[in-house]
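This report concerns only the one structure given below.
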Amino acid sequence: MAHAELDHLQACLNLALDTLRKEIDSSQLPPLSQQSSVAHPLDDPTTYLPSTGLFKARRLSLACLGELKNLIQSPLDKIMDERFTVYGVACTDTLIKTGIIDYLSDVPNPSQGVPATELASKFELDSQKIIPILRCCAASGWVKETRDSSFALNRCARTFIEGNAGRRLNFSMPGFMSIIETIPHWVAESDWKLSRSPEQTAFQIAFKTPLVAFSWIIENPDVLVPIADHLQVFGDMSTPSIVADYPWEQLQTPVIVDCGGGEGGLVSSILDAHPSFRAIVQDMENVVALTSSIMEDRRPHDVANGVLKVEPHDFFQPQPRIGNEYSFILRHIMHDWPDKEATTILGHVARALGPKSRILIIDMVAVPNVDSTATSAQSLMHDSKAKGPDYRIPSHFGSASRIVSGSSVHMMTMINGCERSLREWEKLVKGCGLRITNVYPLRAHTSIIECALDTRALL
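By full-length UniProt numbering, the letter at position 219 of the sequence shown is numbered 219, and the numbering carries on one by one without gaps.
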């Protein structure tokens with residue numbers, strides 16, 4: 001009896017894992033182990049950039065595992081699995097907020113585990129509540145049960161330790177669950193079900209506010225700082241790849257303007273790698289004072305010499321930096337907004353361009369799964385001489401693209417934004433008098449969509 005799908009997925013997974021192993025060895029990285037008491041370099045994309053082959057092999061491995069789960073798992077189990085996912089989020093949040101994560105990371109023999117009774121006594125908690133929470137986290141791989149009701153951290157959970165990137169990234173806005181609960185009503189039943197306005201979303205319904213999400217956040221300082229921290233880490237996850245995978249030496253403009261550039265981390269990394277550029281960080285009035293302070297502390301020489309400037313600018317207003325001297329970055333800006341607002345933002349920058357200027361839109365590109373993509377040994381191993389059959393996996397890489405699809409739904413519910421497909425990007429860009437000159441896939445979940453003035457439209 002032929003088991004075509006199962007056989008193809010198994011062969012594809014074997015190839016992906018074999019390549020992953022070879023790439024880890026050739027990169028001189030330690031073997032992956034959940035039992036390790038120290039983080040692995042691959043655990044933090046903000047500080048380590050994997051080889052192209054390693055990035056592809058890991059992505060394909062995750063895609064194969066997801067497709068195998070879809071093939072094998074009972075649909076009823078799948079329903080229960082998805083329904084209970086939200087509890088996993090709550091359980092990791094509980095381990096962080098109670099201090100259990102930090103405590104487990106600092107015990108003398110971390111691999112032996114700590115009894116739940118000890119944790120309950122230490123933090124004045126009920127052990128009968130702590131044990132199910134820890135076991136839920138164990139099912140997700142964050143911790144392991146070393147013996148009955150004793151628990152230790154797995155390697156991946158070390159990202160949650162105070163001061164690490166995962167701790168800053170793991171922020172759930174109070175009331176977030178109410179937004180999720182509102183989605184079916186908002187989409188199917190509410191008076192706003194056909195609206196694409198950022199003022200008529202699940203967020204406004206759940207929070208009972210007329211404010212756009214960003215305005216509400218600014219008015220609530222208790223969530224403003226952690227959200228800013230979360231967004232900073234989210235951006236930093238792609239920074240090493242942005243610096244390495246885009247041909248910056250081909251830019252013909254001496255100045256890079258980072259629109260909505262936050263604390264300036266991206267342009268700082270670009271200047272480190274390409275000191276011939278000058279840079280300007282633009283953001284709102286309430287942000288630039290902090291950014292200026294950070295840049296004066298980290299790059300005093302560049303600030304003093306005019307290599308790096310920080311200035312207030314609202315990207316819903318005309319762009320003041322005009323002409324051939326400037327190219328512009330819009331990172332994680334466009335996905336925040338519906339097409340109408342996104343066109344306004346992009347249009348202001350487009351009207352500031354000179355013939356040599358470029359706009360670098362750094363955002364996710366949603367891949368419609370209209371067909372499977374042939375994944376050959378050559379493309380996986382980044383080696384034209386590699387031999388192996390073609391495999392077919394979802395063109396969006398299935399489970400490996402869940403961050404993209406999840407982000408799209410999140411931006412939709414918050415502000416009617418979305419992650420756009422390449423066809424949608426082309427339509428948006430063309431409507432602003434631009435053309436896409438290239439798309440650079442990154443070793444991250446984002447891509448760089450390079451745009452220039454569409455001089456053909458002027459002929």
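Built from N, CA and C at the ideal position, the CB exists for glycine as well.
{"Query": "Short Cβ contact (8 Å threshold) for C418 with A350", "Result": "no"}
{"Query": "Three or more C-beta pairs below 8 Å linking the region 340 to 357 and the region 424 to 440", "Result": "yes"}
{"Query": "H445 classed as buried or exposed, judged by whether at least 16 other C-beta atoms fall within 10 angstroms", "Result": "buried"}
{"Query": "Chain-order list of residues whose beta-carbon lies under 8 Å from that of E181 (same chain, five-residue window excluded)", "Result": "A206"}
{"Query": "Backbone CA spacing between K122 and C137 [nearest angstrom]", "Result": "19 Å"}
{"Query": "Selection from D258, S401, S190, V267 that minimises the alpha carbon distance to L65", "Result": "S401"}
{"Query": "Residue environment, I322, which counts as buried when at least 16 other CB atoms sit within 10 Å", "Result": "exposed"}
{"Query": "Beta-carbon proximity of R358 to S327, cut-off 8 Å", "Result": "yes"}
{"Query": "Where the alpha helix (DSSP H) through D77 begins and ends", "Result": "75 to 98"}
{"Query": "Sequence-distant residues of the same chain with beta carbon closer than 7 Å to V287, five excluded per side", "Result": "G262"}
{"Query": "Three-way DSSP call (helix, strand, coil) for S51 in this model", "Result": "coil"}
{"Query": "Rounded straight-line distance, which links the Cα of A165 to that of Q232", "Result": "10 Å"}
{"Query": "D447 versus Q112: straight-line alpha-carbon distance, rounded", "Result": "Note that residue 447 is Ser in the sequence shown here, rather than Asp. Those two C-alpha atoms are separated by around 42 Å."}
{"Query": "Residues bridged to R147 (per DSSP)", "Result": "S150"}
{"Query": "Neighbourhood of I415 by C-beta distance below 8 Å, restricted to the same chain and skipping five residues each side", "Result": "P198, T201, F203, V212, A213, F214, D336, W337, P338"}
{"Query": "Alpha helix (DSSP H) segments (min. 4 residues) lying fully within the region 181 to 247", "Result": "202 to 207, 213 to 218, 221 to 236, 239 to 245"}
{"Query": "Contact check, E450 vs T437, beta carbons under 8 Å", "Result": "yes"}
{"Query": "Cβ-Cβ distance between L153 and S105 below 8 Å", "Result": "yes"}
{"Query": "Buried or exposed (CB count within 10 angstroms, at least 16 for buried), K97", "Result": "exposed"}
{"Query": "Straight-line gap, E67 to Q73 (C-alpha atoms, nearest Å)", "Result": "10 Å"}
{"Query": "Neighbour-count burial assignment, L6, 16 or more Cβ in a 10 Å radius", "Result": "exposed"}
{"Query": "Beta carbon proximity, L13 to chain D, threshold 8 Å", "Result": "Here chain D cannot be found, since the structure has a single protein chain."}
{"Query": "Run of the alpha helix (DSSP H) containing T291, from where it starts to where it stops", "Result": "285 to 298"}
{"Query": "Three-pair Cβ contact test at 8 Å for the region 243 to 251 versus the region 219 to 226", "Result": "no"}
{"Query": "Span separating the alpha-carbon of D302 from that of E23", "Result": "38 Å"}
{"Query": "Rounded separation between D363 and N14 - CA only", "Result": "31 Å"}
{"Query": "Near the ligand ADP: P394 beta-carbon under 7 Å from a heavy atom", "Result": "In terms of ligand content, the structure shown is empty, and the ligand ADP therefore cannot be addressed."}
{"Query": "Start and end residues, alpha helix (DSSP H) containing I161", "Result": "No alpha helix (DSSP H) contains I161, which DSSP labels as neither H nor E."}
{"Query": "Rounded separation between P132 and A139 - CA only", "Result": "11 Å"}
{"Query": "Sufficient close CB pairs (3 or more, under 8 Å) joining the region 74 to 87 to the region 42 to 53", "Result": "no"}
{"Query": "L125, DSSP secondary structure in three states", "Result": "coil"}
{"Query": "Continuous beta strand (DSSP E) stretch holding K340: start and end", "Result": "Taken as a continuous stretch (DSSP letters only), K340 belongs to no beta strand (DSSP E), being part of the alpha helix (DSSP H) at 339 to 350."}
{"Query": "Chain-order list of residues whose beta-carbon lies under 6 Å from that of N369 (same chain, five-residue window excluded)", "Result": "P394, S395, H396"}
{"Query": "Beta-carbon proximity list for S172, same chain, < 8 Å, skipping 5 on both sides", "Result": "V89, D93"}
{"Query": "Same chain only: Cβ atoms within 6 Å of L459, ignoring 5 sequence neighbours per side", "Result": "Residue placement at L459 is poorly supported in this model, since its pLDDT is 48, which falls under 50; the coordinates are not used for a value here."}
{"Query": "Rounded C-alpha distance that separates F55 from H410", "Result": "25 Å"}
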